[in-house]
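K.L.:
Residue numbers for the sequence shown follow this note's numbering, beginning at 18 and rising by one.
Handing you a structure now.
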Amino acid sequence: MDRARIEAALAGAYPGLPDAAAGGRPVYRGKVRDVVEGPGRLLLVASDRISAFDRVLSTIPFKGEVLTRVSAWWFARTSDIVPNHLVPPSHLGGRDPVRETGRACLVRRAEMVPVEVVVRGFLTGSAWRDYQAGRTVSGIALPSGLARDSEFPEPLLTPSTKEASGHDRPASGEELVRSGRVDAELWEEISRAARALYLRGREVAREHGLVLVDTKYEFGVADGRLVLGDEIHTPDSSRYWRLPGPGASAPGARSELDKESFRRWLAERGFTGDGEAPSVTDEIRSETAARYVEAFEAITGEVFEPNPLPTQALDELLAEWASTV
Ligand SMILES: Nc1ncnc2c1ncn2[C@@H]1O[C@H](COP(=O)(O)OP(=O)(O)O)[C@@H](O)[C@H]1O
Ligand SMILES: [Mg+2]
């Protein structure tokens, strides 16, 4: 998408679902998603809000739509491994909220496990920083002498607690079970599912010339069964690298298909989560929007064409669903 089109969209970035659009139902506001409750189901509306270091800092045009559509794309390619929370169009009289709105989806409400299930294929990011500082990576001791960005022989699970407010905290699986956050048997099932999802992600991403470097899942339980909730393999929840060329297997130059460049921009200005955040310029907003659009296109192999519905029509559609789910 060309820069002029992105710049023209800056003012129209979607800050979130107005209360009035929820048809009188309570709206839970996450950092990125607004969640409207209905009996047994939830309407998840991905706003264009961007968070970094656990703080909401700005809006990025098209971001919510990229997240919703990339997730739907991956849910369809992983549902044989573990059922996910999306209510299929066949249960909605053929209607497809993702196609119709771009940014909203109807999901089964699950009892969420308060754990961010992080899976890593490579020693990079915060895992590299921990390793370099001589620390274990989420309680896992790694052999010495590993190089930055080297591939683990097996995907590494480095979960953290999901806190209602404040920063998430790394915790080993054992700790999560001991503290009662998750039942031992369920954790076994979650670990197995997370590894399998990540390996599938790696395999599918490779076909598109990408490496799924690491990612985060959130699981829940619905009707007594494990379900994958939230989002999957999006640029918010994952790190992607581009392969240097077709058929190559080693990661190439940093592709910046994720939020990393935005985080770096903040860090260069002295913000890593505490104190006052710098004000986010339109220039970095445009650049970040271009990255999200690029990520959509690289991951799915499709050209990104934003949903043409103006916000008002979107809100009307949402209100209609909110009052019927
Ligand atoms: N199927 C589901 N059932 C219940 N809660 C869900 C489901 N899928 C996602 N959620 C929750 O909805 C919220 C999504 O909003 P988000 O902006 O991602 O929140 P956060 O600030 O916690 O990252 C999260 O709290 C997530 O755990
Ligand atoms: Mg989230």
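All C-beta atoms, glycine included, are put in the ideal place defined by N, C-alpha and C.
On the DSSP bridge assignment, give the partners of SER68 in chain order.
P.N.:
The residue you call residue 68 lines up with position 51 of the sequence shown. According to DSSP, SER68 bridges with VAL73.
K.L.:
According to DSSP, is GLY142 part of a helix, a strand, or is it coil?
P.N.:
As a working note, residue 142 is residue 125 in the sequence shown. Helix at GLY142.
K.L.:
Going by beta carbon distance, what residues of the same chain come within less than 8 angstroms of ASN101, once the five residues before and after it are set aside?
P.N.:
As a working note, residue 101 is residue 84 in the sequence shown. Counting only Cβ-Cβ distances below 8 angstroms, and skipping sequence neighbours, we find PHE92, THR95, VAL244, LEU245, GLY246, ILE249.
K.L.:
If you check the beta carbons only, do THR317 and TRP90 fall under 7 angstroms apart?
P.N.:
Numbered from its first residue, the sequence shown carries residue 317 at position 300. Numbered from its first residue, the sequence shown carries residue 90 at position 73. Yes, these two residues count as a Cβ contact at 7 angstroms.
K.L.:
Compare the beta carbon distance of TYR309 and PRO261 with 7 angstroms and say whether it is the shorter of the two.
P.N.:
Along the sequence shown, one-based indexing puts residue 309 at 292. Along the sequence shown, one-based indexing puts residue 261 at 244. Contact flag unset, no.
K.L.:
By the DSSP assignment, the beta strand (DSSP E) with PHE356 in it spans what residues?
P.N.:
Since the first residue shown for the chain is 18 and the last is 342, residue 356 is missing from the structure and cannot be characterised.
K.L.:
Does the Cβ-Cβ distance between SER68 and GLY33 come in under 7 angstroms?
P.N.:
Taking the sequence shown and counting its residues from 1, the one referred to as residue 68 is at position 51. Taking the sequence shown and counting its residues from 1, the one referred to as residue 33 is at position 16. Not in contact: SER68 and GLY33 (Cβ atoms no closer than 7 angstroms).
K.L.:
Please state whether the Cβ-Cβ distance between TYR215 and VAL136 is less than 7 angstroms.
P.N.:
Counted from its first residue, the sequence shown places residue 215 at position 198. Counted from its first residue, the sequence shown places residue 136 at position 119. Contact flag set, yes.
K.L.:
Would you identify the three-state DSSP class for THR298, choosing helix, strand or coil?
P.N.:
Position 281 of the sequence shown, counting from 1, holds the residue named residue 298. Reduced to three states, the DSSP call for THR298 is coil.
K.L.:
Decide if SER88 is buried, meaning its Cβ has at least 16 other Cβ atoms within 10 Å, or exposed.
P.N.:
Working through the sequence shown from its first residue, we reach residue 88 at position 71. So SER88 counts as buried.
K.L.:
Tell me the residue span of the beta strand (DSSP E) that contains PHE236.
P.N.:
As a first step, residue 236 must be located in the sequence shown, where it is residue number 219. Note, PHE236: beta strand (DSSP E), 236–239.
K.L.:
Here's the rule: buried if 16 or more other CB atoms are within 10 angstroms of the residue's CB, otherwise exposed. What is ASP231?
P.N.:
The residue labelled residue 231 in the question sits at position 214 within the sequence shown. Buried: at least 16 other Cβ atoms inside 10 Å.
K.L.:
Could you pull out every unbroken alpha helix (DSSP H) segment of at least 4 residues lying fully inside the segment 158–225, listed in chain order?
P.N.:
Runs found: 190–195, 201–224.
K.L.:
Cβ of VAL124 versus every heavy atom of ligand 1: is any distance shorter than 6 angstroms?
P.N.:
Sequence index remark: in the sequence shown, residue 124 carries index 107 (1-based). Under cutoff, so the answer is yes.
K.L.:
Counting only the same chain and skipping the five closest in sequence on each side, list residues whose C-beta sits under 7 angstroms from that of ARG58.
P.N.:
For the purposes of this step, residue 58 is taken as residue 41 along the sequence shown, with counting starting at 1. Excluding positions up to five away in sequence, the list reads VAL104, LEU123, VAL124, ARG125, ARG126, VAL342.
K.L.:
With respect to the beta strand (DSSP E) encompassing ALA63, which residues constitute its N-terminal and C-terminal limits?
P.N.:
For this step, residue 63 is matched to residue 46 along the sequence shown. 58–63 is the span of the beta strand (DSSP E), which, as asked, contains ALA63.
K.L.:
Does the beta-carbon of SER196 have 16 or more other beta-carbons within 10 angstroms, so that it is buried, or is it exposed?
P.N.:
Residue 196 sits at position 179 when you count from the first residue of the sequence shown. The residue in question, SER196, is exposed, as its Cβ has fewer than 16 Cβ neighbours within 10 Å.
K.L.:
Just to confirm, is the Cβ distance from LEU174 to SER143 under 7 angstroms?
P.N.:
Residue 174 sits at position 157 when you count from the first residue of the sequence shown. Residue 143 sits at position 126 when you count from the first residue of the sequence shown. No.
K.L.:
If you reduce the DSSP assignment to three classes, tell me which class LEU245 lands in.
P.N.:
Your numbering for residue 245 matches position 228 in the sequence shown. Residue state, collapsed to three classes: strand.
K.L.:
When you compare the CB of ALA39 with every CB in chain C, is at least one pair closer than 7 angstroms?
P.N.:
Here there is only one protein chain, and chain C is not present.
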